[in-house]
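*Asks:*
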Amino acid sequence: MAKTKIAVMVSGGGTNLQALMDQEKAGNIPSGEIDLVIASNDKAYALQRAAKYNKKTAVIKRKDYADQDAFDAAIVKTLRDNGIEMVILAGYLSILGQGVISAYKDRIINIHPSLIPSFCGKGFYGLKVHEAALAKGVKVTGATVHFVNEIPDGGKIILQKAVEVEDGDTPEVLQRRVMEQAEWILLPKAAEMVAHQIQEEKRHESERIS
Ligand code: GRF
14 MAKTKIAVMV
24 SGGGTNLQAL
34 MDQEKAGNIP
44 SGEIDLVIAS
54 NDKAYALQRA
64 AKYNKKTAVI
74 KRKDYADQDA
84 FDAAIVKTLR
94 DNGIEMVILA
104 GYLSILGQGV
114 ISAYKDRIIN
124 IHPSLIPSFC
134 GKGFYGLKVH
144 EAALAKGVKV
154 TGATVHFVNE
164 IPDGGKIILQ
174 KAVEVEDGDT
184 PEVLQRRVME
194 QAEWILLPKA
204 AEMVAHQIQE
214 EKRHESERIS
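The sequence shown runs 14 to 223 under this note's numbering.
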C-alpha cells in the first residue's frame with residue numbers, strides 16, 4: 014500500500030517539523046511520507062530545515078490574497094497538485110478557512126502546546142499559552158495533538174502528554190520543556206497513527222470496489 018502523502022504547514026522555527034523529519038528518517042512514520050512543506054512566510058527557519066532534508070517547499074502568504082476564500086483555494090490547489098492526502102500544522106499561524114478544512118475533512122492535525130481544553134482557542138499560541146499557564150499557576154501542563162475543524166483548537170483530540178511545571182519556570186523555559194517532553198514525541202506518533210488510518214481506509218475502499 015502506497016504511503017500516505019503528507020504536507021507539513023509551518024510559520025516559525027520548525028522544531029516540530031524537524032522532529033517529524035527525524036522520525037520519518039528513523040523509520041518511525043512507516044505509513045506516511047513528508048512530500049511538501051508549506052510556509053506562511055518566506056522568513057520561516059522551518060524552510061531551511063526542510064531544504065536540508067531535500068523536502069519540496071512552497072510559501073503561501075495570506076497577504077497575497079484578496080480574501081480568505083482565495084487564500085484557501087491557493088492552499089488547496091497546492092496540496093492537490095502535489096497529491097497530498099494529509100496535512101500536519103506544526104507551529105502554523107495563519108487561519109485555515111472552511112475551504113481547506115472541508116477539502117481535507119478529518120485529514121488535518123495540529124499540535125497545541127497545552128492540555129486542551131486549557132489555554133486554547135483564539136489568541137492562545139506560542140509563548141502566550143505558557144504565559145497563561147504560569148499566570149494560572151497550574152502544576153501540570155503539556156501538549157495536545159487534535160484534528161482541525163472550524164473551531165480554533167476544537168477538533169477531536171488524538172494524543173496528549175503531561176509535563177511538570179517547575180518552580181521558577183519562565184515562559185521560554187516551560188515552552189522548551191513542553192516541546193522536548195511532549196510536542197516532539199506526540200506529533201510524529203500522531204502522524205503515524207493518522208497516516209496508517211488513511212492507508213486502511215484506502216485499502217478497504219480498494220477491496221470494496223474490486
Ligand atoms: C511553538 O510554540 C510550539 O509550541 C507550537 O508552535 C510554536 C513553534 O513551533 N506548536 P515550531 O518550532 O515552529 O515547530
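Note that beta-carbon positions come from the ideal geometry of N, C-alpha and C, so glycine has one too.
For clarity, every value in this text was computed on a predicted model and none was experimentally measured.
#1: Kindly examine the ligand GRF and report whether one of its heavy atoms sits closer than 8 Å to the Cβ of residue 103.
#2: Check whether the region 194-205 and the region 38-45 touch, using three or more Cβ-Cβ pairs below 8 Å as the test.
#3: What's the C-alpha gap between residue 79 and residue 157?
#4: Is the beta carbon of residue 212 within less than 8 Å of some heavy atom of the ligand GRF?
#5: When you compare the region 158-174 with the region 104-116, are there three or more beta-carbon pairs, one atom per stretch, that lie closer than 8 Å?
#6: Buried or exposed, going by whether 16 or more other CB atoms sit within 10 Å of the CB of residue 60?
#7: In terms of residue numbering, what span does the beta strand (DSSP E) encompassing residue 173 cover?
#8: What are the uninterrupted segments assigned as beta strand (DSSP E) that are 3 or more residues long and contained completely in the region 86-167, given in chain order?
#9: Quick check: residue 37 and residue 47, are their CB atoms within less than 9 Å of each other?
#10: Distance, Cα to Cα, residue 122 vs residue 181?
#11: When we look at the beta-carbon of residue 77 and count the other beta-carbons within 10 Å, is it buried (16 or more) or exposed?
*Replies:* In short:
#1: For the purposes of this step, residue 103 is taken as residue 90 along the sequence shown, with counting starting at 1. True, at least one ligand heavy atom lies under 8 Å from that Cβ.
#2: yes
#3: Here the question's residue 79 lines up with position 66 in the sequence shown. Here the question's residue 157 lines up with position 144 in the sequence shown. Each residue's alpha carbon lies about 33 Å from the other.
#4: Translated into the one-based positions of the sequence shown, residue 212 becomes position 199. Checking every heavy atom of the ligand GRF against the Cβ of residue 212, none is found closer than 8 Å.
#5: yes
#6: Your numbering for residue 60 matches position 47 in the sequence shown. By the 10 Å Cβ count, residue 60 comes out buried.
#7: Taking the sequence shown and counting its residues from 1, one reaches residue 173 at position 160. Taken as a continuous stretch (DSSP letters only), the beta strand (DSSP E) holding residue 173 covers 170-177.
#8: 99-102, 121-125 and 153-160
#9: Indexing the sequence shown from 1 puts residue 37 at position 24. Indexing the sequence shown from 1 puts residue 47 at position 34. Closer than 9 Å, so yes.
#10: Taking the sequence shown and counting its residues from 1, one reaches residue 122 at position 109. Taking the sequence shown and counting its residues from 1, one reaches residue 181 at position 168. Rounded to whole angstroms, residue 122 to residue 181 spans 32 Å at the Cα level.
#11: Walking along the sequence shown from the start, residue 77 turns up at place 64. Its Cβ having fewer than 16 others within 10 Å, residue 77 is exposed.
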